[in-house]
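2 protein chains.
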Amino acid sequence: MTYCVAIKLDAGLVLLSDTRTNAGLDNISRYGKMHSWEVPDERAVVLMTAGNLSITQGVITRLEKRIEMAAIDPECETILNADSLFRVAQMVGETMRDVQERHREGMEAQGASFDATVLVAGQRKGGSTRLFLVYSAGNFIEATRDTPFFQIGEHKYGKPILDRVITPDTPLEKAKLAACVSMDSTLRSNLSVGMPLDLAIIETDALKITERRRIEPDDKDFERLSDAWSKALNSAFHDLPHIF
Amino acid sequence: MTYCVAIKLDAGLVLLSDTRTNAGLDNISRYGKMHSWEVPDERAVVLMTAGNLSITQGVITRLEKRIEMAAIDPECETILNADSLFRVAQMVGETMRDVQERHREGMEAQGASFDATVLVAGQRKGGSTRLFLVYSAGNFIEATRDTPFFQIGEHKYGKPILDRVITPDTPLEKAKLAACVSMDSTLRSNLSVGMPLDLAIIETDALKITERRRIEPDDKDFERLSDAWSKALNSAFHDLPHIF
Chain Z
1 MTYCVAIKLD AGLVLLSDTR TNAGLDNISR YGKMHSWEVP DERAVVLMTA GNLSITQGVI
61 TRLEKRIEMA AIDPECETIL NADSLFRVAQ MVGETMRDVQ ERHREGMEAQ GASFDATVLV
121 AGQRKGGSTR LFLVYSAGNF IEATRDTPFF QIGEHKYGKP ILDRVITPDT PLEKAKLAAC
181 VSMDSTLRSN LSVGMPLDLA IIETDALKIT ERRRIEPDDK DFERLSDAWS KALNSAFHDL
241 PHIF
Chain G
1 MTYCVAIKLD AGLVLLSDTR TNAGLDNISR YGKMHSWEVP DERAVVLMTA GNLSITQGVI
61 TRLEKRIEMA AIDPECETIL NADSLFRVAQ MVGETMRDVQ ERHREGMEAQ GASFDATVLV
121 AGQRKGGSTR LFLVYSAGNF IEATRDTPFF QIGEHKYGKP ILDRVITPDT PLEKAKLAAC
181 VSMDSTLRSN LSVGMPLDLA IIETDALKIT ERRRIEPDDK DFERLSDAWS KALNSAFHDL
241 PHIF
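First to last, the sequence lines map onto chains Z and G.
Under UniProt numbering, read the first sequence as residues 1 to 244, first letter to last.
Under UniProt numbering, read the second sequence as residues 1 to 244, first letter to last.
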């Protein structure tokens with residue numbers, strides 16, 4: 001499995017993913033799930049993937065191939081020249097559908113799961129920040145003020161904290177902490193999610209990735225956060241009134 | 001779905017279950033998942049069930065039928081005269097296997113899921129408190145000091161808090177709060193788990209259910225706990241140091 005979380009705030013986008021991929025418990029590898037592109041002062045796009053790795057790698061490779069082709073043929077539409085982030089999400093969905101169709105028959109015969117999801121986040125000049133969740137079938141939904149975050153992969157362990165603290169006006173720094181706390185809860189409870197982590201921030205109207213950080217297993221800041229949260233949670237729990 | 005949690009402490013057993021059953025999102029009903037029996041000063045046994053309702057009801061009905069039969073034929077082995085809690089878990093497993101076999105062919109033809117799990121908790125005179133998790137296949141595992149709690153059904157949302165606060169020497173009152181907080185997180189994040197709740201406590205060596213309580217949706221104590229936890233969690237989060 002995997003765990004990726006994307007939060008859309010008035011102040012910008014907070015994106016966090018793990019790097020664990022497994023085919024069974026005895027076959028664990030490390031693959032980044034976060035892929036980012038920038039056109040300085042014009043757009044920043046980040047994709048995060050979960051599900052069947054052969055499918056999601058196929059999607060990313062095809063999207064990058066188009067970017068290479070556009071260097072030769074400027075007519076070629078890519079996620080870096082599409083006229084809106086909505087169109088970027090559509091292109092990710094279309095690419096997903098192509099890859100799925102190519103492999104469906106063979107994978108069905110093997111009984112393999114071809115489930116895959118992609119989070120599409122970014123902003124282009126003249127547009128607002130957008131966040132989409134693209135499904136295996138290529139269809140997609142967008143985050144709104146009512147639902148300002150999306151999670152893919154092992155989403156359940158880390159959902160309660162996000163449900164409680166995230167609103168569209170949460171400051172970026174707080175949302176970054178919330179994403180890390182949500183990831184920390186997931187890491188503690190589920191072996192199929194693992195360090196290192198990839199964190200990216202796209203501040204509203206910056207039109208670039210304002211922060212990009214790989215959090216390694218021995219990252220002192222993440223360790224301090226994890227310890228502080230553990231202590232805070234324990235003391236919050238022990239201070240609960242004896243109601244029952 | 002469903003959510004049931006059972007915690008085995010030095011001080012006794014804490015058991016909590018919801019009452020929601022659904023066949024699709026548009027077919028929601030209320031069924032107690034907690035079933036209890038007592039032989040005063042000799043034993044207390046509580047079963048909690050998750051999964052296919054026709055299977056779990058089948059298991060409970062057969063176990064009760066044997067108890068009725070034993071009133072006529074004292075040779076008949078039941079969960080109330082079995083010579084150990086281990087044997088009780090075995091009987092639940094055997095009954096599970098019988099019910100599964102009876103319905104497997106028909107259910108397979110319908111593509112229905114016959115997945116079902118049962119938590120078996122209790123104590124008999126001369127024995128210690130025991131907690132078992134019985135799987136669909138009738139096999140089972142026992143809680144130990146390393147893993148002092150079991151969850152069945154929608155277990156992921158409510159696992160992080162238990163992972164952090166439960167150890168075998170946690171007092172009963174604290175474990176009761178932890179079970180309620182774990183349930184509260186699950187209720188907030190997942191529609192397939194719903195009030196009212198059933199709570200039972202079996203204190204070590206009491207050989208009876210020392211507390212049994214149905215927590216209705218308007219239960220003032222549960223509301224206060226839920227609010228207190230929400231506030232404590234939010235303030236714990238907002239007091240985190242700005243590490244990143």
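We put the CB at the ideal spot given by N, CA and C, even for glycine.
Self-check item: Spatial neighbours of Thr78(G) in its chain, beta-carbon cut-off 7 Å, leaving aside the 5 residues before and after
Solution: Contacts found: Arg66, Ile67 and Ala70.
Quiz item: Taking Cβ positions only, does Leu15(Z) come closer than 8 Å to chain G?
Solution: Under the Cβ criterion of 8 Å, Leu15(Z) is not counted among the residues facing chain G.
Self-check item: Gly93(G) classed as buried or exposed, judged by whether at least 16 other C-beta atoms fall within 10 angstroms
Solution: Burial call: buried.
Quiz item: Along the chain, where does the alpha helix (DSSP H) that runs through Leu85(Z) open and close?
Solution: Leu85 to Gln110
Quiz item: Phe132(G) to Asp18(Z), Cα distance in whole Å?
Solution: 34 Å
Quiz item: Between Glu223(G) and Met183(Z), what straight-line distance do the alpha-carbon atoms span, to the nearest angstrom?
Solution: 28 Å
Quiz item: What in chain G is Cβ-close to Ala89(Z), meaning under 7 Å?
Solution: In chain order: nothing, as chain G lies at least about 26 Å away.
Quiz prompt | Opening and closing residue of the beta strand (DSSP E) in which Arg212(G) lies | solution = Glu211 to Ile215
Quiz item: At which residue ranges does the region 49–85 of chain G contain complete beta strand (DSSP E) runs of 3 or more residues, listed in the order of the chain?
Solution: none
Quiz item: Would you say Tyr3(G) faces chain Z, with C-beta separation under 8 Å as the test?
Solution: no
Quiz item: With 16 as the cutoff for other CB atoms within 10 Å, does Thr117(G) come out buried or exposed?
Solution: buried
Practice problem: For Glu173(G), go through chain Z and note every residue whose CB falls closer than 7 Å to its CB, in chain order. | Solution: The answer, in chain order, is His242.
Exercise. Less than 8 Å between the CB atoms is what I'm expecting for Arg213(Z) and Lys125(Z), so what's the real figure, rounded?
Key: Their Cβ separation, rounded to whole angstroms, is 25 Å, which puts Arg213(Z) and Lys125(Z) out of contact at 8 Å.
Quiz prompt | Rounded C-alpha distance that separates Asp73(Z) from Ser136(Z) | solution = Looking at the two C-alpha atoms, the distance is approximately 29 Å.
Quiz item: What residue from Leu15(Z), Phe149(Z), Thr95(Z) and Tyr3(Z) has the CA that sits closest to Glu203(Z)'s CA?
Solution: Leu15(Z)
Exercise. Would you kindly work out how many angstroms separate the C-alpha atoms of Arg30(G) and Lys156(Z), rounded to a whole number?
Key: 24 Å
Quiz item: Checking contacts by CB at 8 Å: is Ser36(Z) closer than that to chain G?
Solution: no
Quiz prompt | Cβ-based neighbour list, Asp169(Z), same chain, cut-off 6 Å, excluding 5 preceding and 5 following | solution = Asp10
Quiz item: DSSP puts Thr170(G) in a beta bridge; with which residues?
Solution: DSSP, once it has assigned bridges, lists no residue as partnering Thr170(G).
Quiz item: Ile243(Z) to Lys176(Z), Cα distance in whole Å?
Solution: 34 Å
Quiz prompt | Below-8 Å beta-carbon distance, Ala236(Z) vs any chain G residue | solution = yes
Quiz item: Under 8 Å between C-beta atoms, does Arg224(Z) make it to chain G?
Solution: yes
Self-check item: Three-way DSSP call (helix, strand, coil) for Met183(G) in this model
Solution: The answer is helix: DSSP assigns Met183(G) an H, G or I state.
Quiz prompt | CB contact flag (Ala6(G), Leu13(G), <8 Å) | solution = By the CB criterion at 8 Å, Ala6(G) and Leu13(G) fall inside the cutoff.
Quiz item: Within this structure, are the beta carbons of Glu154(G) and Thr56(G) separated by less than 8 Å?
Solution: Going by C-beta atoms, Glu154(G) is not nearer than 8 Å to Thr56(G).
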